[in-house]
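Trainee: Please read through the structure below; I'll follow up with questions.
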Amino acid sequence: MRSFFIINRRVAGGAGVASPTAKAGVLAPFVRERIRYRDIVWAFHSESQEILMTASTSACGGKMLWLDARALGVFLWGSSTEVLRSQMEIIARNNYMLGEARDPVACCLYYFALGKVKLVYGLWKQAAWHREQPMMLKFLANDFSEERWKTAAQKNAFALLSKQRYEYAAAFFLLGGSLKDAVNVCLKQLADFQLAVALARVVEGDDGPVLKDILQNHVVPRAFREGNRWLGSWAFWMLKRRDVAVRILLTPLHDLAVALDLRLDEIGDPHYDDPSLALLFGQLKGKSLQTAKGTSEISGATEFNFVLQMARVLCRMGCHVLAVDLVRNWSFDRPSVTRAAPPAIDIAKELDAHLQDLTNGDQSIPRPRRTSSNSRSRGPPSPTLRKNAALLRRSVIIDMDLPSFPPTRPPSPPSALSTLVENGTINGDGPNSGARRGRAAKEEEPSSPNDEDAKARKAALGSLMKSAKKDVVVPEFDMSSFGF
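In the working numbering, the protein residues as written are 2 to 485.
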């Protein structure tokens, strides 16, 4: 950020430009009007945004104006709404303090976005030199929570539009509670989508309908028209479409537009000659459930061609070692947040086999472990996949609804005692107790030899457990063992 301003000051040369803004509303002759969207997206995903905001303020000399904030993309990469509101208040104060005039018109837009009408009223009281002071003091003294005064503010906004005072007109639209009209002025008349995004995020937050409309109808088409993958990734991330934000980094823009059913008049040449796209994709593909879903929707051939293209770009830059490292260490494993289920074990069969071993007296012969066909055919797991899956389970963001899985075990059957109590036959006084006694008498008849063997095995196991209990010796407590 500091280097951005230093380079632009050097280009300004002997013009004596000490700030990116020579005066309010006039941009100095820069090499670039703003930093690249690549830098804005990296700052957007950074976890040290407080440090970045401090660095941005210091790079502006401690007095950030709107042109400075737009050049640094502050209201695009800032993630905290409270921080953005405080930063907009700083911009409003700096615009008011710019020069010796102390013009309230320069800060009305930002203070009205923050809802500080009384503060603007106080500033107009101090502007005795301004020719519009009596009219503004009389108008701002009204209660703008009433519909009649909101309508009056919007009428004044349309009058200011006819006079081509666009920023002041947007301020009156905000005063009248019409954020949509204020944003349209920023997009059409001022041609400043960053200002529109800033007003929408400050007034209604990141989940409001106005911000969603800006992103869908202006930012996303602009990203496809300019072929700017960085701007498109940021826009889809703000729209809570993080899967598409990952796919746009690799997928051809024509294919993605067809898959998303986007009606676009023009799709520009995509910027594929930036190795930072590979770094960003590696950072985001396993960050959340949506990004993991988006990564799984990218074909292996597309990802393979993307890696080769990034390697070619690095070779053209003279970074052959980095190109070789990228090709050798790139992981094509798909992120997964589910752990493989262990093979099912039939407990009844295991107990039956163990019981048969005890009755036959072959406890010393070890039984071979049963291995399923899946475990025999499955190869060794990938160490990269195991490491990435472990990291993903610790840091993945749950940003989508997960389907509920069926229960892992059937419910327990009702006990025999509860069944007898419900049927009223525990004492033999039920309505069909005679028939049940008849069936019980039939069941007591001599059984087959297999049943006799099963009873013998159970009896042997019971005697074994009784003998084991008898062999247990419990020592008596003796105070003399403590040496007293």
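We put the beta carbon where it would ideally sit given N, CA and C, even for glycine.
It should be emphasised that the depicted structure is a prediction, and the values quoted were computed from it without experimental measurement.
With DSSP run on the structure shown, which of helix, strand or coil describes Ser-289?
Mentor: Within the sequence shown, the letter at position 288 stands for residue 289. Three-state DSSP puts Ser-289 in a strand.
Trainee: With a threshold of 6 Å on Cβ separation, who are the neighbours of Phe-174 within its own chain once the five nearest residues in sequence on each side are excluded?
Mentor: Residue numbering aside, residue 174 sits at position 173 when the sequence shown is read from its first letter. So the list reads Ala-158, Asp-182, Ala-183, once near-sequence residues are dropped.
Trainee: Could you give the distance in angstroms between the alpha-carbon of Val-314 and the alpha-carbon of Gly-178?
Mentor: Here residue 314 refers to the residue found at position 313 of the sequence shown. Here residue 178 refers to the residue found at position 177 of the sequence shown. When rounded, the distance between both Cα atoms is 50 Å.
Trainee: Can you round the beta-carbon distance between Asp-270 and Gly-228 to whole angstroms, since I take them to be within the 8 Å contact cut?
Mentor: Here residue 270 refers to the residue found at position 269 when the sequence shown is read from its first residue. Here residue 228 refers to the residue found at position 227 when the sequence shown is read from its first residue. Going by Cβ atoms, the distance from Asp-270 to Gly-228 rounds to 5 Å, so yes, they are a contact pair.
Trainee: Tell me whether Thr-252 sits in a helix, a strand or coil according to DSSP, three-state version.
Mentor: Position 251 of the sequence shown, counted from the start, is the residue given in the question as residue 252. Coil.
Trainee: By how many angstroms is the C-alpha of Ile-41 removed from the C-alpha of Leu-53?
Mentor: As a working mapping, residue 53 is identified with position 52 in the sequence shown. As a working mapping, residue 41 is identified with position 40 in the sequence shown. So the two alpha carbons sit approximately 11 Å from each other.
Trainee: Look at the Cβ atom of Val-118, then the Cβ atom of Leu-176, and state whether they are nearer than 9 Å.
Mentor: Taking the sequence shown and counting its residues from 1, one reaches residue 118 at position 117. Taking the sequence shown and counting its residues from 1, one reaches residue 176 at position 175. Yes, the pair counts as a contact, with Cβ atoms nearer than the cut-off.
Trainee: So, do the segment 288–307 and the segment 241–253 have three or more beta carbon pairs nearer to each other than 8 Å?
Mentor: Contact holds: three or more Cβ-Cβ distances are below 8 Å.
Trainee: Is the distance from the Cβ of Phe-45 to the Cβ of Ser-80 below 9 Å?
Mentor: Locating residue 45 in the sequence shown gives position 44, where the first residue counts as 1. Locating residue 80 in the sequence shown gives position 79, where the first residue counts as 1. In contact: Phe-45 and Ser-80 (Cβ atoms closer than 9 Å).
Trainee: Leaving out the 5 sequence neighbours to the left and right, which residues in its chain are closer than 8 Å to Leu-251 when beta-carbon positions are compared?
Mentor: Here residue 251 is taken as the residue at index 250 of the sequence shown, counted from 1. Same-chain partners within the cutoff: Leu-278, Phe-282, Ile-299, Thr-303, Glu-304, Phe-307.
Trainee: Please list, in chain order, all residues of the same chain as Ser-383 whose beta carbon is under 7 Å from its beta carbon, the five residues on each side excluded.
Mentor: By one-based count along the sequence shown, residue 383 stands at place 382. Because the pLDDT at Ser-383 is just 46, under 50, the model does not fix this residue reliably, and the value given afterwards should be weighed accordingly. So the qualifying residues of the chain are Asp-334.
Trainee: Please classify Gln-127 as buried or exposed, where buried requires at least 16 neighbouring CB atoms within 10 angstroms.
Mentor: Here residue 127 is taken as the residue at index 126 of the sequence shown, counted from 1. Exposed: under 16 other Cβ atoms inside 10 Å.
Trainee: Should Leu-138 and Tyr-122 be called a contact, given that it needs their Cβ atoms to be closer than 9 Å?
Mentor: Taking the first residue of the sequence shown as position 1, residue 138 is located at position 137. Taking the first residue of the sequence shown as position 1, residue 122 is located at position 121. Yes; because the gap between Cβ atoms is below 9 Å, this pair is in contact.
Trainee: Anyone know if the C-beta pair for Ala-60 and Leu-77 falls short of 9 Å?
Mentor: If you number the sequence shown from 1, residue 60 lands on position 59. If you number the sequence shown from 1, residue 77 lands on position 76. It is not a contact, given that the beta carbons lie outside the stated cut-off.
Trainee: Could you tell me the boundaries of the alpha helix (DSSP H) in which Asp-182 lies?
Mentor: Along the sequence shown, read from residue 1 onward, the residue named residue 182 stands at position 181. Unbroken alpha helix (DSSP H) run through Asp-182: 180–185.
Trainee: Tell me where the alpha helix (DSSP H) around Cys-316 begins and ends.
Mentor: Along the sequence shown, one-based indexing puts residue 316 at 315. It spans 301–317 - the alpha helix (DSSP H) in which Cys-316 sits, taken as one unbroken run.
Trainee: Between which two residues does the alpha helix (DSSP H) carrying Pro-135 extend?
Mentor: Here residue 135 is taken as the residue at index 134 of the sequence shown, counted from 1. 134–141 is the extent of the alpha helix (DSSP H) around Pro-135.
Trainee: Could you check whether Leu-85 and Cys-108 sit closer than 9 Å to each other, using their CB atoms as the reference points?
Mentor: As a first step, residue 108 must be located in the sequence shown, where it is residue number 107. As a first step, residue 85 must be located in the sequence shown, where it is residue number 84. No, they are not a contact pair.
Trainee: If the criterion is Cβ atoms closer than 9 Å, does the pair Leu-110 and Leu-200 meet it?
Mentor: Walking along the sequence shown from the start, residue 110 turns up at place 109. Walking along the sequence shown from the start, residue 200 turns up at place 199. Yes, the Cβ-Cβ distance between Leu-110 and Leu-200 is below 9 Å.
Trainee: Should Ser-57 go down as buried or exposed, given a rule of 16 or more other Cβ atoms within 10 Å for buried?
Mentor: For the purposes of this step, residue 57 is identified with residue 56 of the sequence shown, where counting begins at 1. Ser-57 is buried by the Cβ-count criterion.
Trainee: Taking all protein chains shown into account, decide if Leu-254 is buried (16 or more other Cβ within 10 angstroms of its Cβ) or exposed.
Mentor: For the purposes of this step, residue 254 is taken as residue 253 along the sequence shown, with counting starting at 1. Under this definition Leu-254 is a buried residue.
Trainee: Which same chain residues, not among the five before or five after Leu-323, have their C-beta less than 6 Å away from its C-beta?
Mentor: By one-based count along the sequence shown, residue 323 stands at place 322. Around Leu-323: Leu-315.
Trainee: So, helix, strand or coil for Ala-60, using DSSP?
Mentor: Within the sequence shown, numbered from 1, the residue matching residue 60 stands at position 59. Ala-60: helix per DSSP, three-state reduction.
Trainee: Look up Ala-324 in the DSSP assignment and say whether it is helix, strand or coil.
Mentor: On the sequence shown, position 323 is the one that residue 324 refers to. Note: Ala-324 maps to helix in three-state DSSP.
Trainee: Could you say which of Ala-312, Arg-317, Gly-319, Met-318 lies nearest to Asn-330 if we only look at CA atoms?
Mentor: Mapped onto the sequence shown, residue 330 falls at position 329. Selected option, being the one with the closest Cα: Ala-312.
Trainee: Give the straight-line distance between the Cα atoms of Leu-180 and Asp-104, rounded to the nearest whole angstrom.
Mentor: As a working note, residue 180 is residue 179 in the sequence shown. As a working note, residue 104 is residue 103 in the sequence shown. Roughly 24 Å separates the two Cα atoms.
Trainee: Identify whether Gly-295 lies in helix, strand or coil by the three-state DSSP scheme.
Mentor: Sequence index remark: in the sequence shown, residue 295 carries index 294 (1-based). Note: Gly-295 maps to helix in three-state DSSP.
Trainee: Compute the distance between the beta-carbons of Arg-94 and Glu-34, then report whether it is under 9 Å.
Mentor: As a first step, residue 94 must be located in the sequence shown, where it is residue number 93. As a first step, residue 34 must be located in the sequence shown, where it is residue number 33. No, the Cβ-Cβ distance between Arg-94 and Glu-34 is not below 9 Å.
Trainee: Would you decide whether Gln-195 is buried or exposed? Buried here means 16 or more other CB atoms lie within 10 Å of its CB.
Mentor: Within the sequence shown, residue 195 is the residue found at index 194, counting from 1. Answer is buried; the Cβ neighbour count reaches 16.
Trainee: With 16 as the cutoff for other CB atoms within 10 Å, does Asn-96 come out buried or exposed?
Mentor: Counting from one through the sequence shown, the residue named residue 96 turns up at place 95. With 16 or more Cβ atoms within 10 Å of its Cβ, Asn-96 is classed as buried.
Trainee: Just how far apart, CA to CA, sit Thr-82 and Val-211?
Mentor: Position 81 of the sequence shown holds residue 82. Position 210 of the sequence shown holds residue 211. If you take the alpha carbons of Thr-82 and Val-211, they lie about 15 Å apart.
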